[in-house]
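Engineer: With this note's numbering as the guide, the letters of the sequence shown map in order to residues 7 to 318. Below is the structure I would like to discuss, written out as structure tokens.
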Amino acid sequence: MAPSNPESRNHPESGTNHETTAPYGSGPSAAGAPSAGTPSAGAAGAAPSGRVRIHHLQQAKAKGARFAMLTAYEQYTAEIFDQAGIEVLLIGDSASNNVFGNESSLPVTVDELLPLCRAVARSAKRALIVADLPFGSYEVSAEQAVATGVRFLKEGLAQAVKIEGGAYYAPTVRAMVQAGIPVMAHIGFTPQSEHALGGYRVQGRGDDAQRLIDDAVALVDAGAFSVLMEMVPADTAAAVDAAIKVPTIGIGAGNATTGQVLVWQDMAGLRGGKMAKFVKQYANLRGILGDAARTYAEEVRSGTFPGPEHSF
7 MAPSNPESRN HPESGTNHET TAPYGSGPSA AGAPSAGTPS AGAAGAAPSG RVRIHHLQQA
67 KAKGARFAML TAYEQYTAEI FDQAGIEVLL IGDSASNNVF GNESSLPVTV DELLPLCRAV
127 ARSAKRALIV ADLPFGSYEV SAEQAVATGV RFLKEGLAQA VKIEGGAYYA PTVRAMVQAG
187 IPVMAHIGFT PQSEHALGGY RVQGRGDDAQ RLIDDAVALV DAGAFSVLME MVPADTAAAV
247 DAAIKVPTIG IGAGNATTGQ VLVWQDMAGL RGGKMAKFVK QYANLRGILG DAARTYAEEV
307 RSGTFPGPEH SF
């Protein structure tokens, strides 16, 4: 997914494999207080108490419920988001510019993402774990895509993968699904194609909306279990959602999708700089961490820390 400020880079090996048949709620009217020890799925109703599976996301769309998705790249955020009830965790190629310090998602490699994926998969006991296939790891052929997808399921412990691109990649999706690799499709603005698209530009305006609908239909027909749309007008995203039977996920795509996703550093206010229009910040972690670091440094320099209570 794109950094929130495209002009700036500052822009399962699970503990349980418990299956559940508990469906999502039937929509906002099904909301209720979560039971003790059970993460809440928010206003859409209670989520399954065991591992979230692809069919639970499908149930959400069928019942008019919604689910939340966040990126995660390491142990502690995976644990926190999982325990908070986030249904889907994405090990995004956005790690390129949110972990590794690159200007875009293009430089990150399979070998860089696999350890991050393992860390998230080992730490999250409930969320569905989805891994991005990075640029250059699936475009050459369906065989290359299958081989890369297998690595993410075997070595990365992911439960599904995500690839960018439209109807052209339908044969690739079909080959991966036939090989047993669940695939989430990503259309609209596709950051791996930023140079071909002429930069960070909204996709699917006006007459171009039909192209996105056609892309989504082709990818779903090929076996994609969901379609993520990035930087797409809300009315276009709603038309795509109405045209396909699988759940849609939006980032800058309005409110008609079944799920929503954000890069966690944007959502929690860890990254500084200008935010994209579609980002809402729910905390100011950058400020909190900055204050903590300054206080720590002051106490070290003054000799206040460590005190007697911190000494043996």
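Each residue gets a CB set at the ideal place from its N, CA and C atoms; glycine is no exception.
Which residue from Phe231, Pro197, Ala249, Ala185 puts its Cα closest to that of Gln216?
Structural biologist: Closest option to Gln216, Cα to Cα, is Ala249.
Engineer: Which residue spans inside the stretch 115-189 form an unbroken alpha helix (DSSP H) run of at least 4?
Structural biologist: Runs of the alpha helix (DSSP H) inside the stretch 115-189: 116-129, 148-160, 176-184.
Engineer: Closer than 6 Å by C-beta to Thr196: which residues in its own chain qualify, once you throw out the five before and the five after it? Chain order, please.
Structural biologist: Taken in chain order, the residues that qualify are Glu170.
Engineer: Can you give the Cα-Cα distance for Thr310 and Ile294, rounded to whole angstroms?
Structural biologist: C-alpha separation (whole angstroms): 21 Å.
Engineer: Which one of His62, Val105, Phe141 has the shortest CA to CA distance from Ala133?
Structural biologist: Checked all of His62, Val105, Phe141; the closest Cα to Ala133 is His62.
Engineer: Give me the Cα-Cα distance between Gln165 and Ala202, rounded to the nearest whole angstrom.
Structural biologist: Distance between the alpha carbons of Gln165 and Ala202: 30 Å.
Engineer: Within its chain, find whatever has a CB closer than 6 Å to the CB of Phe141; leave out the 5 residues flanking it on each side and keep chain order.
Structural biologist: The answer, listed in chain order, is Leu112, Gln198.
Engineer: Note the first and the last residue of the continuous alpha helix (DSSP H) segment covering Gln287.
Structural biologist: Per DSSP, Gln287 belongs to no alpha helix (DSSP H) and is neither H nor E.
Engineer: Just the C-alpha distance for Leu139 and Lys69, rounded to the nearest angstrom, thanks.
Structural biologist: Distance between the alpha carbons of Leu139 and Lys69: 30 Å.
Engineer: Look at the Cβ atom of Gly275, then the Cβ atom of Asn290, and state whether they are nearer than 7 Å.
Structural biologist: Yes; because the gap between Cβ atoms is below 7 Å, this pair is in contact.
Engineer: Between the stretch 146-153 and the stretch 115-125, can you find at least three pairs of beta-carbon atoms closer than 8 Å?
Structural biologist: With the cut-off at 8 Å, the stretch 115-125 and the stretch 146-153 do not touch.
Engineer: Just tell me which of Gly204, Ala90, Ala173, Met235 has its CA closest to the CA of Ile193.
Structural biologist: Closest by alpha carbon: Met235.
Engineer: Looking at Ala230 and Val179, is the spacing between their C-beta atoms short of 7 Å?
Structural biologist: Contact: yes.
Engineer: Taking the alpha-carbon positions, what's the Gln271 to Val233 distance?
Structural biologist: One C-alpha to the other measures close to 23 Å.
Engineer: Do Gly210 and Pro239 have their CB atoms nearer than 7 Å?
Structural biologist: The answer is yes: Cβ separation under 7 Å.
Engineer: By a C-beta neighbour count over all protein chains shown, 10 Å radius and 16 as the cutoff for buried, is Ser110 buried or exposed?
Structural biologist: Buried, by the Cβ-count rule.
Engineer: Roughly how many angstroms separate the alpha carbons of Leu227 and Gln89, rounded to a whole number?
Structural biologist: Residue identity check: residue 227 is Asp in the sequence provided, not Leu. Asp227 and Gln89: Cα-Cα distance of roughly 34 Å.
Engineer: Going along the chain, which unbroken runs of the alpha helix (DSSP H) with 4 or more residues stay wholly within the stretch 241-299?
Structural biologist: Here the runs fully enclosed are 270-273.
Engineer: Count the other CB atoms, across all protein chains shown, that sit within 10 Å of the CB of Phe87; report buried if there are 16 or more and exposed otherwise.
Structural biologist: With 16 or more Cβ atoms within 10 Å of its Cβ, Phe87 is classed as buried.
Engineer: Find the nearest neighbour of Met75 within the set Ile60, Ala84, Gln65, Leu95, judged by alpha-carbon distance.
Structural biologist: Of the candidates Ile60, Ala84, Gln65, Leu95, the one whose C-alpha sits nearest the C-alpha of Met75 is Leu95.
Engineer: Taking the Cβ atom as the reference point for each residue, do Ala84 and Val114 lie within a distance shorter than 7 Å?
Structural biologist: The answer is no: Cβ separation not under 7 Å.
Engineer: So for Val226, helix, strand or coil by DSSP?
Structural biologist: Helix.
Engineer: Just the C-alpha distance for Ser147 and Val183, rounded to the nearest angstrom, thanks.
Structural biologist: Going by the C-alpha atoms only, they are around 14 Å apart.
Engineer: Quick one, which of Lys67, Gly204, Val116 has its alpha-carbon nearest Lys251's?
Structural biologist: The residue with the shortest Cα to Cα distance from Lys251 is Lys67.
Engineer: Helix, strand or coil: which one does DSSP assign to Phe73?
Structural biologist: Of the three classes helix, strand and coil, the one that applies to Phe73 here is strand, per DSSP.
Engineer: Put Ala202 into one of helix, strand or coil per three-state DSSP.
Structural biologist: In this structure, Ala202 counts as helix in the three-state DSSP scheme.
Engineer: My understanding is that Ile92 touches Tyr79, with C-beta atoms under 8 Å, so please give their C-beta distance in whole angstroms.
Structural biologist: About 14 Å separates the two Cβ atoms, so there is no contact after all.
Engineer: Return helix, strand or coil for Glu305, following the three-state DSSP convention.
Structural biologist: Of the three classes helix, strand and coil, the one that applies to Glu305 here is helix, per DSSP.
Engineer: Give the single residue among Lys286, Arg277, Asp220 whose Cα lies nearest to the Cα of Arg292.
Structural biologist: Of Lys286, Arg277, Asp220, the residue nearest in Cα terms is Arg277.
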